[in-house]
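Asks: First the structure, then my questions, so here it is.
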Amino acid sequence: MNLSRPARLLLRLALAAGLAVIYVPLAVVLLNSVNADRTFGWPPAGLTLRWWGAAWASSGVREALWTSVRAGLGATAIALVLGTMAAFAVQRHRFFGRQAVSLVIILPIALPGIVTGIALNNAFRTVLEPFGVGLGLFTVVVGHATFCVVTVYNNVLARLRRTGIGLEEASADLGAGPFTTFRLVTFPLIRSALLAGGLLAFALSFDEIIVTTFTAGAGVRTLPIWIFENLFRPNQAPVVNVVAAALIVASLIPVYLAQRLSSDVGTH
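Just add 260 to wherever you are in the sequence shown, counting from 1, and you've got the working numbering.
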């Protein structure tokens with residue numbers, strides 16, 4: 261499609277404005293993490309890494325970080341198993357209600373977080389508490405897995421649709437059993453899709469706060485919850501900016517890797 265010069269200029273300005281809305285606030289957070297002024301005066305009076313040292317020395321930050329990592333790894337592990345199984349069931353088999361199953365799997369990512377959080381909170385209190393299992397890290401992992409499954413499911417489903425079943429049928433024709441075929445043929449084909457889905461699932465879990473608030477209980481504090489609790493405490497403001505800046509940088513890694521892995525789908 262050929263656009264006139266004014267139209268191209270308008271599109272570029274719109275793109276620049278959209279990117280500015282997204283990334284300028286992130287740049288401010290990064291700059292404030294090294295701002296020597298505790299009140300974040302503008303322009304910065306100087307630059308310092310003092311707040312980064314203070315953040316690392318904070319036991320609350322380290323404990324919250326470790327909790328987020330454990331919750332993310334647990335939710336990702338569940339998502340990899342359930343998402344992969346669901347993708348194979350929907351793509352490789354024909355059964356009544358197949359589209360409905362696909363919709364049910366994808367729905368949690370579309371629901372507002374507060375709706376999911378309230379529903380999970382009620383379910384956990386009704387089902388688990390009579391057995392002596394209260395809200396804690398386990399319920400956080402289960403809560404995060406409900407929407408992390410979607411990322412793995414979508415990635416694996418897309419890969420299965422592109423690869424087809426020709427190579428698997430050829431493997432079976434040559435005498436390989438189901439497990440041998442999966443190990444030598446199917447798994448190598450979906451490996452990068454699994455890794456991409458797992459990275460996105462971990463990133464989603466690591467940054468989640470709404471569902472976590474309803475499923476964590478009083479004794480579990482993830483890093484996003486720690487940030488929210490300390491956001492308006494004057495003495496903690498510099499440390500909060502450092503933690504937020506670290507999260508911004510850390511979030512780029514799984515998202516970038518997932519994007520690169522997903523872009524390689526067509527090469528297999």
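For glycine and all other residues, C-beta sits at the position ideal for the given N, C-alpha and C.
Between the beta-carbon of GLY334 and the beta-carbon of ILE470, is there less than 9 Å?
Replies: Working through the sequence shown from its first residue, we reach residue 334 at position 74. Working through the sequence shown from its first residue, we reach residue 470 at position 210. No.
Asks: Please work out which residues of its chain come closer than 6 Å, Cβ to Cβ, to ARG481, disregarding the five sequence neighbours upstream and downstream, and give them in chain order.
Replies: Position 221 of the sequence shown, counting from 1, holds the residue named residue 481. Closer than 6 Å at Cβ, skipping near neighbours: ALA324.
Asks: Beta carbon of VAL416, beta carbon of LEU454: below 9 Å?
Replies: Here residue 416 refers to the residue found at position 156 when the sequence shown is read from its first residue. Here residue 454 refers to the residue found at position 194 when the sequence shown is read from its first residue. Yes.
Asks: Would you tell me roughly how many angstroms separate the C-alpha atoms of HIS404 and ALA331, rounded to the nearest one?
Replies: Counted from its first residue, the sequence shown places residue 404 at position 144. Counted from its first residue, the sequence shown places residue 331 at position 71. Cα to Cα, HIS404 sits roughly 8 Å from ALA331.
Asks: Locate the alpha helix (DSSP H) running through SER362, then write down its first and last residues.
Replies: Translated into positions along the sequence shown, residue 362 becomes position 102. Note, SER362: alpha helix (DSSP H), 358-370.
Asks: State buried or exposed for ILE446, treating a residue as buried only when at least 16 other CB atoms are found within 10 Å of its CB.
Replies: In the sequence shown, the residue the question calls residue 446 occupies position 186. Position check: residue 446 holds Thr in this sequence, whereas Ile was assumed. Buried, by the Cβ-count rule.
Asks: If we count the other Cβ atoms within 10 Å of its Cβ and call it buried at 16 or more, is PHE439 buried or exposed?
Replies: Looking up residue 439 in the sequence shown gives position 179. So PHE439 counts as exposed.
Asks: Short of 6 Å in beta carbon distance, which residues of its chain neighbour LEU290, apart from the five on each side in sequence? Order them along the chain.
Replies: Translated into the one-based positions of the sequence shown, residue 290 becomes position 30. The answer, listed in chain order, is ALA505.
Asks: Three Cβ pairs or more, each shorter than 8 Å: is that satisfied between the segment 335-349 and the segment 378-386?
Replies: Flag = no, the segment 335-349 and the segment 378-386 do not touch.
Asks: So who's on the other strand from ASN295, going by DSSP bridges?
Replies: Taking the first residue of the sequence shown as position 1, residue 295 is located at position 35. Looking at the DSSP assignment, ASN295 forms a beta bridge with LEU307.
Asks: Only counting the same chain, and skipping five residues up and downstream in sequence, which positions put a Cβ closer than 7 Å to that of SER328?
Replies: Along the sequence shown, one-based indexing puts residue 328 at 68. Taken in chain order, the residues that qualify are PHE466, THR482, LEU483.
Asks: Restricting to Cα atoms, I'd like to know which of LEU512, ARG520, LEU517 is closest to TYR283.
Replies: Residue mapping note: residue 283 aligns to position 23 of the sequence shown, counting from 1. The shortest C-alpha separation from TYR283 is found at LEU512.
Asks: Using beta-carbon positions only, say whether PHE488 and ILE374 come within less than 9 Å of one another.
Replies: Counting from one through the sequence shown, the residue named residue 488 turns up at place 228. Counting from one through the sequence shown, the residue named residue 374 turns up at place 114. Against a cut-off of 9 Å, the Cβ pair of ILE374 and PHE488 comes out as no contact.
Asks: If you check the beta carbons only, do LEU380 and VAL412 fall under 9 Å apart?
Replies: Looking up residue 380 in the sequence shown gives position 120. Looking up residue 412 in the sequence shown gives position 152. No.
Asks: On the three-state DSSP scale, how would you describe VAL480?
Replies: Reading the sequence shown from its first residue, position 220 is the one you call residue 480. The answer is coil: DSSP assigns VAL480 none of H, G, I, E or B.
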